[in-house]
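For reference, the structure discussed in these notes is given below.
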Amino acid sequence: MSSLIGKVEADVEISASAEQFYGVFCSTPSQLCSISPDVIQACDLLDGDWGNLGSITQWSYVHDGETKVVKLIVESADSANNSITNRVIEGNLKNEFSSFTAKIEATQKGEGSQVHLTLGYIKLNEDIEHPETLLEPGIQVFKVLGSYLTQA
């Protein structure tokens, strides 16, 4: 049973501040559709307020060349630590995982920041691949967002 449970993690350094980065992911994630349209195609608020505990969003994103859809609920949002955790409640990922969370935490590092992405999961069965490939779209969006935020 323990091989069904896991997590994958990645770190990326960006030029934007941790606060700027967190501000977009928490308060205005729909901006990501125009900032990184190759990965994020849509982000809609379905219930609650952006970034608030219990708010529900639906995302359309590209993974491995295919458009996927995921509905997320905010499990935690910590502005003091520039951290937000979302849990998947519907969508393509529920076909492979009984539980899936994404935690994004930005830490100030000089004038820029380091963004840490943790994907926690429970696979439905042993035949499901570990979701390492899901890290890459996140890293790509983080880098593009970091550049976008420091262009102004």
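In the working numbering, the protein residues as written are -17 to 134.
Note that CB positions come from ideal geometry on N, CA and C, so glycine has one too.
Report yes if the C-beta distance between residue i and residue j is below 8 Å; otherwise report no.
| i | j | result |
| --- | --- | --- |
| Thr10 | Trp41 | no |
| Glu(-5) | Asn64 | no |
| Leu28 | Ala59 | no |
| Ile160 | Cys8 | No information on residue 160 is available, as it lies outside the stretch -17 to 134 that the chain covers here. |
| Pro113 | Leu101 | yes |
| Leu99 | Glu78 | no |
Under a three-way DSSP split, which group does residue i fall into?
| i | result |
| --- | --- |
| Leu21 | The amino acid at residue 21 is misidentified as Leu; the sequence shows Val. Note: Val21 maps to coil in three-state DSSP. |
| Ser(-3) | coil |
| Ile121 | helix |
| Thr10 | coil |
| Glu114 | helix |
| Gly33 | coil |
| Asn68 | strand |
| Ala(-8) | strand |
| Met(-17) | Only weak support is given to the placement of Met(-17): the predicted model assigns it a pLDDT of 49, under 50, and the value that follows is read from those uncertain coordinates. Of the three classes helix, strand and coil, the one that applies to Met(-17) here is coil, per DSSP. |
Tell me which residue opens and which closes the beta strand (DSSP E) that residue i is part of.
| i | result |
| --- | --- |
| Gln96 | Gly94 to Lys105 |
| Ala59 | Glu48 to Asp60 |
| Lys85 | Phe79 to Lys91 |
What is the rounded straight-line gap between the Cα of residue i and the Cα of residue j?
| i | j | result |
| --- | --- | --- |
| Ile17 | Ile104 | 31 Å |
| Leu117 | Val97 | 12 Å |
| Asp(-7) | Lys125 | 11 Å |
| Ile121 | Glu111 | 19 Å |
| Glu48 | Gly92 | 37 Å |
Please confirm whether any heavy atom of the ligand ADP lies closer than 7 Å to the CB of residue i.
| i | result |
| --- | --- |
| Leu28 | Among the components of this structure there are no ligands whatsoever, and the ligand ADP is therefore not found. |
For the 8 Å Cβ check, are there 3 or more pairs between the stretch 87 to 97 and the stretch 68 to 77?
Taking 8 Å as the limit for Cβ pairs, the verdict is that the stretch 68 to 77 does not touch the stretch 87 to 97.
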